[in-house]
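Colleague: Next up is a structure, given as structure tokens.
In the numbering used here, the protein residues as written are 3 to 356.
Here is the structure:
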């Protein structure tokens, strides 16, 4: 059925018979160098939260993180989802803690991620309640929507779930990506995501149908080593790296962005880790540097990649316990979606000239 048709398909609300998968790895974006306009895309806010999929199988609600961890008990304020989702439904989105302006507050979200004790979890739900930003739907009443184009999945999501309380279903702007990016910058947001309206949901890998356009470059990296501090400060710097499919490659030394509290927490996580060895010829090898097995992931802002593949001016932003170290890959950069490039015709003369 054409999108412009006024008729609407009728969905019979039948009981589902197939079980939902335990886990689907989320679809990930590639990077775009700059914002662009395109009638083939819609543009959404990049929320900079914790990726999570919510599913309701029978009366059992599950909230599963990007790396497969069960987050259900950690966010009791989202239990109401079990009353809002039809059985056999799975949605995709991000957990955020919003500040007074509605922007994601990463520091407050990290406070929630640290809570392990039921008392601390309940207290965090009162002081820093999360909002579940739901932007995609993968199953409805047991039927897989993965092959459906994005515009149809968005329509199904709108018909299935609305914004209420701690659940937020955001809108999207079609075609006008440059203006949307400028508006995101004015709000102090991380950036935007461009999504092709005709794209199916492709689990588990970066796909150029989704493009992340960042106001400030930011990515997740595995901690490969650290330099203990001197005097009152427990940490001089972190050596971070990305995973290339065969191993971890150091890409920079992060020496700023963490206060005393963050530095102490990093040391508590890093000190017990098994020690590792630096690669031969490693530029940061030395007696002061403690190399560890890559088990801790951090978020880092930086200005750019230099010509040798190293980060320029990296700044620590926070821990990312929801991301596995082997997910810290350098995302491909798409200069501009091929379908949106202007077409130029060149006319050549008939040679030799007469």
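C-beta atoms are modelled at their ideal positions from N, C-alpha and C, and glycine is treated no differently.
Are there 16 or more other CB atoms within 10 angstroms of the CB of residue 326, so buried, or fewer, so exposed?
Modeller: By the 10 Å Cβ count, residue 326 comes out buried.
Colleague: Considering only C-alpha positions, which residue in the set 231, 35, 186 is nearest to residue 194?
Modeller: If we check each option's Cα against that of residue 194, 186 comes out closest.
Colleague: Does the distance from the CB of residue 215 to the CB of residue 329 come in under 8 Å?
Modeller: The answer is no: Cβ separation not under 8 Å.
Colleague: Between the Cα of residue 95 and those of 301, 320, 296, 80, spot the shortest distance and give me the residue it belongs to.
Modeller: Checking every option, the nearest Cα to that of residue 95 belongs to 80.
Colleague: Under 8 Å between the Cβ atoms of residue 78 and residue 123?
Modeller: Yes, these two residues count as a Cβ contact at 8 Å.
Colleague: State yes or no: is the C-beta of residue 55 within less than 8 Å of the C-beta of residue 26?
Modeller: A contact, by the Cβ cut-off of 8 Å.
Colleague: Where are the beta strand (DSSP E) runs, 3 residues long or more, that stay fully inside the segment 179-252, in chain order?
Modeller: Correct list: 193-198, 208-216, 220-230, 237-245.
Colleague: Give the DSSP-derived three-state secondary structure of residue 85 in the structure shown.
Modeller: In the structure shown, residue 85 sits in a helix (DSSP, three-state: H, G or I).
Colleague: With burial defined as no fewer than 16 other Cβ atoms inside 10 Å of the residue's Cβ, what is the status of residue 109: buried or exposed?
Modeller: When all chains shown are included, residue 109 counts as exposed.
Colleague: Would you identify the three-state DSSP class for residue 126, choosing helix, strand or coil?
Modeller: Helix at residue 126.
Colleague: Quick test of the definition: if touching needs 3 or more C-beta pairs under 8 Å, does the segment 44-59 touch the segment 221-231?
Modeller: Segments in contact, no.
Colleague: Quick check on residue 327: does DSSP put it in helix, strand or coil?
Modeller: Residue 327 falls in the helix class under three-state DSSP.
Colleague: Comparing C-alpha positions only, which one of 60, 250, 217 sits nearest to residue 284?
Modeller: Here the closest residue by C-alpha is 250.
Colleague: Would you check if there are 3 or more beta carbon pairs closer than 8 Å linking the segment 308-319 to the segment 235-255?
Modeller: With the cut-off at 8 Å, the segment 308-319 and the segment 235-255 touch.
Colleague: Could you check if residue 192 is buried or exposed, using at least 16 other CB atoms within 10 Å of its CB as the buried criterion?
Modeller: Buried: at least 16 other Cβ atoms inside 10 Å.
Colleague: Say whether the segment 288-308 touches the segment 264-275, bearing in mind that this needs 3 or more beta-carbon pairs closer than 8 Å, one atom from each stretch.
Modeller: Contact holds: three or more Cβ-Cβ distances are below 8 Å.
Colleague: Taking just the CA atoms, how far does residue 32 sit from residue 224?
Modeller: Whole-angstrom Cα-Cα distance: 19 Å.
Colleague: Hey, out of 204, 302, 201, whose CA is closest to residue 239's CA?
Modeller: Cα-wise, what sits closest to residue 239 is 302.
Colleague: State yes or no: is the C-beta of residue 286 within less than 8 Å of the C-beta of residue 227?
Modeller: Yes, these two residues count as a Cβ contact at 8 Å.
Colleague: Measuring CB atoms only, is the segment 263-270 touching the segment 201-212, in the sense that at least three cross pairs come out at less than 8 Å?
Modeller: As far as the Cβ criterion goes, the segment 263-270 does not touch the segment 201-212, which means the pair count is below three.
Colleague: Based on the DSSP output, what are the partners of residue 64 in its beta bridges?
Modeller: BP columns for residue 64 point to 57.
Colleague: Name the DSSP beta bridge partners of residue 162, please?
Modeller: Paired residues: none, contrary to the question.
Colleague: Can you check whether the CB of residue 64 is closer than 8 Å to the CB of residue 28?
Modeller: No.
Colleague: Within 10 angstroms of its Cβ, does residue 6 collect 16 or more other Cβ (buried), or is it exposed?
Modeller: Note that residue 6 scores 43 on pLDDT, short of 50, meaning its location in the model is unreliable; the coordinates nonetheless yield the value given after this. Counting Cβ neighbours within 10 Å, residue 6 comes out exposed, since fewer than 16 surround it.
Colleague: Please confirm if the segment 163-171 is in contact with the segment 109-118, defined as three or more CB-CB distances below 8 Å between the two stretches.
Modeller: Touching, no.
Colleague: Determine the direct distance from the alpha carbon of residue 256 to that of residue 317, and round the result to whole angstroms.
Modeller: In a straight line, the C-alpha of residue 317 is about 6 Å away from that of residue 256.
Colleague: In three-state terms, what does DSSP make of residue 1?
Modeller: The question about residue 1 has no answer, for the chain in this structure spans 3 to 356.
Colleague: Any idea which residues DSSP pairs residue 335 with across the strands?
Modeller: BP columns for residue 335 point to 33.
Colleague: Do you know offhand how far residue 38's Cα is from residue 190's?
Modeller: Distance between the alpha carbons of residue 38 and residue 190: 19 Å.
Colleague: Based on the DSSP secondary-structure assignment, which residues constitute the bridge partners of residue 294?
Modeller: DSSP, once it has assigned bridges, lists 277 as partnering residue 294.
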